[in-house]
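In my numbering, the protein residues as written are 512 to 789.
So this is what it looks like as structure tokens:
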């Protein structure tokens, strides 16, 4: 059984990015409100930006602004000529329509592939970059030398950030694909080879539910009242865990790779990025 180290995979990605010309552009991160989880995610991105030397700038907007005003501010930031990538940091306050606000980001600067134009282009296989979550799955499967075309796969959760784009990407790549949400009967996942989950419900899946040799890629995150972080996948009991082929822990699994994939998108969207010859 292989426990995927998100840090190791992300460091490998960073090494590849360091072999590219550093974009002489700004990666703009927009924070709406002061959500602790959003701040935590931003710190991870700031840390990686510093390691790469990327000009990463934070723009703070009040959560008291209307959706129209927020969209307008995001649009203004996005139109700056020096800005070559824009992030609207999630999660957002409940009153904020994340898709309406994110649609102000031009497709060519949408590193998260969150806006409708970028997502629509991705669904039609004509976007320059893929959603970071899709990139994470691709990278992990490459790391474990996984042969998708013979496998049965279940995607748990059909959100626009994780489940939906991953399911679209998987279509035609695996033997069978099952799409479930958190209210679905999960009995059938004991028959599949790979479970990809992004629901945000602690302990939704555990090793006892899965077949020998199954793999788990977990994007879900849930904070308990005491501050502990959990994914959708509970690795207990440990004696059952050993029967799996691989899994991603939470924390330390998909998270670091997601951040690295976002920066990979930033480099890809920057037209001056090229391999160094020195």
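Glycine included, C-beta positions come from ideal geometry on N, C-alpha and C.
| query | result |
| --- | --- |
| Residue 657, DSSP secondary structure in three states | coil |
| For residue 552, the three-state DSSP class (helix, strand or coil) | helix |
| The segment 736-744 in contact with the segment 512-530 per 3-pair CB rule at 8 Å | no |
| As assigned by DSSP and simplified to three states, the class of residue 527 | helix |
| Pairwise C-alpha distance: residue 750 and residue 646 | 31 Å |
| Close beta carbons around residue 555, own chain, < 6 Å, minus the five adjacent residues each side | 770 |
| Closest residue to residue 625 among 588, 570, 676 and 654 (Cα-Cα distance) | 676 |
| Nearest candidate by alpha-carbon position, reference residue 552, set 780, 773, 605 and 781 | 773 |
| Bounding residues of the beta strand (DSSP E) (the contiguous stretch that carries residue 537) | 537-543 |
| Beta-carbon proximity check, residue 666 vs residue 688, cutoff 9 Å | yes |
| Chain C within 9 Å of residue 605, Cβ atoms only | The chain inventory of the structure shown lacks chain C, comprising one protein chain alone. |
| Touch test, the segment 604-623 against the segment 686-706, Cβ-Cβ under 8 Å, three pairs minimum | no |
| Cβ pair count under 8 Å reaching 3, the segment 512-520 against the segment 541-552 | no |
| Ranges of the alpha helix (DSSP H) found wholly within the segment 588-634, counting only runs of at least 4 | 609-613 and 627-634 |
| Extent of the continuous beta strand (DSSP E) run through residue 690 | 687-691 |
| Sufficient close CB pairs (3 or more, under 8 Å) joining the segment 748-766 to the segment 627-637 | no |
| Residue of 593, 558, 582 and 598 minimising C-alpha distance to residue 540 | 598 |
| From 571, 535 and 579, residue whose alpha carbon lies closest to that of residue 781 | 535 |
| Residue environment, residue 723, which counts as buried when at least 16 other CB atoms sit within 10 Å | exposed |
| Cβ pair residue 557, residue 640 closer than 9 Å | no |
| Between the CA atoms of residue 591 and residue 705 - distance to the nearest angstrom | 43 Å |
| First through last residue of the alpha helix (DSSP H) which encompasses residue 779 | 765-780 |
| Beta-carbon proximity check, residue 731 vs residue 761, cutoff 9 Å | yes |
| One or two residues paired with residue 741 in a DSSP bridge | 733 |
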